[in-house]
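> Sequential numbering from 31 applies to the sequence shown in my numbering. The structure that follows is given in the form of structure tokens.
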Amino acid sequence: MWGNCSMPVREREGQPSSAGSGTGSGRGAAAAPVQLLGSPALCFRRRFNMTFNTASAHSSFIIMAVLFSLLLRMPHGQPLLRLASVFDSFVMLFDMGWRWRCRSAPDGGSHARHREALLPLIAMSDIIMSRCLVGQLVLDNFGVARPSVLGVLRHVITLVVASRVLTNAMVWSQWYRIAWAFPAHVAMVVNIMKTNQSTCQSAALAGGPVAERVTRGVAQVLRVLRFNGLASPLPEGPTPLQECSAVLAYLQLSGGLVLPAILLAVHETRLFLAHAEERRRAGLPAERGWHPWLYRCIGDTLLGLDWPFAAALVWVLLGVLGALAEALTLGAPVPA
Numbered sequence: 031m032w033g034n035c036s037m038p039v040r041e042r043e044g045q046p047s048s049a050g051s052g053t054g055s056g057r058g059a060a061a062a063p064v065q066l067l068g069s070p071a072l073c074f075r076r077r078f079n080m081t082f083n084t085a086s087a088h089s090s091f092i093i094m095a096v097l098f099s100l101l102l103r104m105p106h107g108q109p110l111l112r113l114a115s116v117f118d119s120f121v122m123l124f125d126m127g128w129r130w131r132c133r134s135a136p137d138g139g140s141h142a143r144h145r146e147a148l149l150p151l152i153a154m155s156d157i158i159m160s161r162c163l164v165g166q167l168v169l170d171n172f173g174v175a176r177p178s179v180l181g182v183l184r185h186v187i188t189l190v191v192a193s194r195v196l197t198n199a200m201v202w203s204q205w206y207r208i209a210w211a212f213p214a215h216v217a218m219v220v221n222i223m224k225t226n227q228s229t230c231q232s233a234a235l236a237g238g239p240v241a242e243r244v245t246r247g248v249a250q251v252l253r254v255l256r257f258n259g260l261a262s263p264l265p266e267g268p269t270p271l272q273e274c275s276a277v278l279a280y281l282q283l284s285g286g287l288v289l290p291a292i293l294l295a296v297h298e299t300r301l302f303l304a305h306a307e308e309r310r311r312a313g314l315p316a317e318r319g320w321h322p323w324l325y326r327c328i329g330d331t332l333l334g335l336d337w338p339f340a341a342a343l344v345w346v347l348l349g350v351l352g353a354l355a356e357a358l359t360l361g362a363p364v365p366a
């Protein structure tokens, strides 16, 4: 469950490790974005958690501030939402205390080994808050869009906030490894999407013709910017509620899930390949387990791509996500 970091590895006879070869994976390892902390003798999990300990600690403080603000503004009569917020705050406080306790421990202590155990608790709290329509509570602080440039900009910001992409961004910034983070974010995004219609009925998103016109304009812009070769014809005359839900679903699938997952996977894989190369040079056995296998698959798939081809793939992927969002909200058939 925690990865077989200390198990020996089978290397191909007569071939250099992927981190130092001339393949695409090797280029990714040579361009490792940061220097991993700790000795190469440590498993990658511990080195990764040690390296991003400070960044994830800053994220925990930000999440705590957001939760504290939410609790102050939360009306009475929503005990489950309050309980989920308090529980999430407790998880953040526990994480901070755990970091502090392990601050002088060799090689990051137990926090560097087992911090991923907190992620399911964070995801569970977010799912409960989504089911309790926390998005509507946040949108109560936004006014109705006014017929002005500032009003249009305000409504666009309201759509982004309503999608809860910023919430996902805060959890992504906790720097959990992709094998743990992606399933957690899938569960979070799926449950957020289930509340889109209720969110779009709030006064901030459905408050008059200006809001409807801006939402329709955002939907059209997003449709133009993405690849539409796989999109099915839209049903005629989608309602403002359907278009709002489609915009939120597209933002959630793209900005809240898939694009951050790709960026983290590439970043993390480059670090792992650099770690593997350091172990090879030190005469240490490579790591075995499904995590190293996953990194090597990502390296072989993504790190060797040229930028123009990678950009084209992302464009097509955004088209697939857009078609999926519309299929889920506007009733259009899913493209074959």
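Cβ coordinates follow ideal geometry from the N, Cα and C atoms, glycine included.
What is the DSSP secondary structure of residue 55, reduced to helix, strand or coil?
Within the sequence shown, residue 55 is the residue found at index 25, counting from 1. Interpretation of residue 55 is limited by its pLDDT of 41, a score under 50 that renders its predicted location unreliable; the figure taken from the coordinates is listed afterwards. Helix.
> Evaluate contact between the stretch 70–85 and the stretch 186–199, counting only Cβ atoms and requiring at least three cross-stretch pairs below 8 Å.
No, the stretch 70–85 does not touch the stretch 186–199.
> Given 8 Å as the limit, is there contact between the stretch 337–354 and the stretch 198–214, that is, 3 or more CB pairs closer than that?
Output reads no: the stretch 198–214 does not touch the stretch 337–354.
> Just curious, the alpha helix (DSSP H) that residue 327 is in, first and last residue?
Position 297 of the sequence shown, counted from the first residue, corresponds to residue 327. Where residue 327 is concerned, the enclosing alpha helix (DSSP H) stretches over 320–328.
> For residue 127 and chain B, any beta-carbon pair shorter than 7 Å?
Checking the listed chains, one finds no chain B in this structure; it contains a single protein chain.
> Note the first and the last residue of the continuous alpha helix (DSSP H) segment covering residue 348.
By one-based count along the sequence shown, residue 348 stands at place 318. Taken as a continuous stretch (DSSP letters only), the alpha helix (DSSP H) holding residue 348 covers 337–359.
> Please classify residue 230: is it buried, with 16 or more other beta-carbons within 10 angstroms of its beta-carbon, or exposed?
Translated into the one-based positions of the sequence shown, residue 230 becomes position 200. By the neighbour-count rule (16 or more Cβ atoms within 10 Å), residue 230 is buried.
> What residues in its chain sit with their C-beta under 7 Å from that of residue 241, if we drop five residues either side in the sequence?
Along the sequence shown, one-based indexing puts residue 241 at 211. Contacts found: 174, 175, 185, 235.
> Looking at C-beta atoms only, is the number of pairs between the stretch 145–162 and the stretch 113–127 that lie closer than 8 Å three or more?
Touching, per the Cβ criterion.
> Taking the alpha carbon of residue 213 as the point to measure from, which residue in 349, 124, 288, 239 has its own alpha carbon closest?
Locating residue 213 in the sequence shown gives position 183, counting from the first residue. The residue with the shortest Cα to Cα distance from residue 213 is 288.
> Beta-carbon separation of residue 316 and residue 306 under 7 Å?
Indexing the sequence shown from 1 puts residue 316 at position 286. Indexing the sequence shown from 1 puts residue 306 at position 276. Contact: yes.
> Helix, strand or coil: how does DSSP classify residue 161 here?
Start at 1 with the first residue of the sequence shown, and residue 161 comes out as number 131. Helix, per DSSP.
> Less than 7 Å between the C-beta atoms of residue 125 and residue 97, yes or no?
Here residue 125 refers to the residue found at position 95 when the sequence shown is read from its first residue. Here residue 97 refers to the residue found at position 67 when the sequence shown is read from its first residue. Their beta carbons are not under 7 Å apart, which means residue 125 does not touch residue 97 by this criterion.
> Taking residue 170 as the reference, give the member of 292, 233, 82 with the closest Cα.
On the sequence shown, residue 170 is found 140 positions in, with the first residue counted as 1. Selected option, being the one with the closest Cα: 233.
> For residue 352, which residues of its own chain have a beta-carbon under 6 Å away from its beta-carbon, when the five flanking residues on both sides are left out?
By one-based count along the sequence shown, residue 352 stands at place 322. 256, 280, listed in sequence order.
> Do residue 94 and residue 122 count as a contact pair if the criterion is CB distance below 7 Å?
Taking the first residue of the sequence shown as 1, we reach residue 122 at position 92. Taking the first residue of the sequence shown as 1, we reach residue 94 at position 64. It is a contact, given that the beta carbons lie within the stated cut-off.
> Which first and last residues belong to the alpha helix (DSSP H) in which residue 202 is found?
If you number the sequence shown from 1, residue 202 lands on position 172. Counting along the chain, the alpha helix (DSSP H) containing residue 202 begins and ends at 195–202.
> Give the straight-line distance between the Cα atoms of residue 310 and residue 70, rounded to the nearest whole angstrom.
As a first step, residue 310 must be located in the sequence shown, where it is residue number 280. As a first step, residue 70 must be located in the sequence shown, where it is residue number 40. Each residue's alpha carbon lies about 9 Å from the other.
> According to DSSP, simplified to helix, strand and coil, what is residue 104?
Residue mapping note: residue 104 aligns to position 74 of the sequence shown, counting from 1. Coil.
> Does DSSP classify residue 217 as helix, strand or coil?
For the purposes of this step, residue 217 is taken as residue 187 along the sequence shown, with counting starting at 1. Helix at residue 217.
> Going by CA-CA distance only, name the one from 67, 142, 162, 127 that's closest to residue 109.
For this step, residue 109 is matched to residue 79 along the sequence shown. Comparing Cα-Cα distances from residue 109 to each of 67, 142, 162, 127, the minimum goes to 162.
> What are the boundary residues of the alpha helix (DSSP H) that residue 228 is part of?
In the sequence shown, the residue the question calls residue 228 occupies position 198. Its alpha helix (DSSP H) spans residues 226–230.
> Go ahead and pull the three-state DSSP assignment for residue 188.
In the sequence shown, counting from the first residue as 1, residue 188 sits at position 158. Residue state, collapsed to three classes: helix.
> Alpha carbon to alpha carbon, how far is residue 270 from residue 251?
Here residue 270 refers to the residue found at position 240 of the sequence shown. Here residue 251 refers to the residue found at position 221 of the sequence shown. Rounded to the nearest angstrom, the two C-alpha atoms are 16 Å apart.
> What separation, rounded to the nearest whole angstrom, lies between the Cα atoms of residue 291 and residue 221?
Taking the first residue of the sequence shown as position 1, residue 291 is located at position 261. Taking the first residue of the sequence shown as position 1, residue 221 is located at position 191. Using only the alpha carbons, I get a separation of about 18 Å.
> Count the other C-beta atoms from every protein chain shown that fall within 10 angstroms of the C-beta of residue 277, then say buried if there are 16 or more, exposed otherwise.
Here the question's residue 277 lines up with position 247 in the sequence shown. Counting Cβ neighbours within 10 Å, residue 277 comes out buried, since at least 16 surround it.
> In chain order, what residues of the same chain lie with their CB nearer than 7 Å to the CB of residue 284, ignoring the 5 residues before and after it?
Numbered from its first residue, the sequence shown carries residue 284 at position 254. Around residue 284: 348, 351.
> From what residue to what residue does the alpha helix (DSSP H) around residue 119 run?
Here the question's residue 119 lines up with position 89 in the sequence shown. First-last of the alpha helix (DSSP H) with residue 119: 109–131.
> Do you know offhand how far residue 142's Cα is from residue 72's?
As a first step, residue 142 is located in the sequence shown; it is residue number 112 there, counting from the start. As a first step, residue 72 is located in the sequence shown; it is residue number 42 there, counting from the start. Cα to Cα, the separation comes out at about 11 Å.
> Could you give the residue range of the alpha helix (DSSP H) that holds residue 300?
Start at 1 with the first residue of the sequence shown, and residue 300 comes out as number 270. Element bounds for residue 300: 289–311.
> Closest to residue 102 by C-alpha separation, out of 140, 168, 345, 146, would be which residue?
Start at 1 with the first residue of the sequence shown, and residue 102 comes out as number 72. Closest by alpha carbon: 168.
> Given this structure, state the Cα-to-Cα distance separating residue 82 from residue 131, to the nearest angstrom.
Counted from its first residue, the sequence shown places residue 82 at position 52. Counted from its first residue, the sequence shown places residue 131 at position 101. Their backbone Cα atoms lie some 17 Å apart in a straight line.
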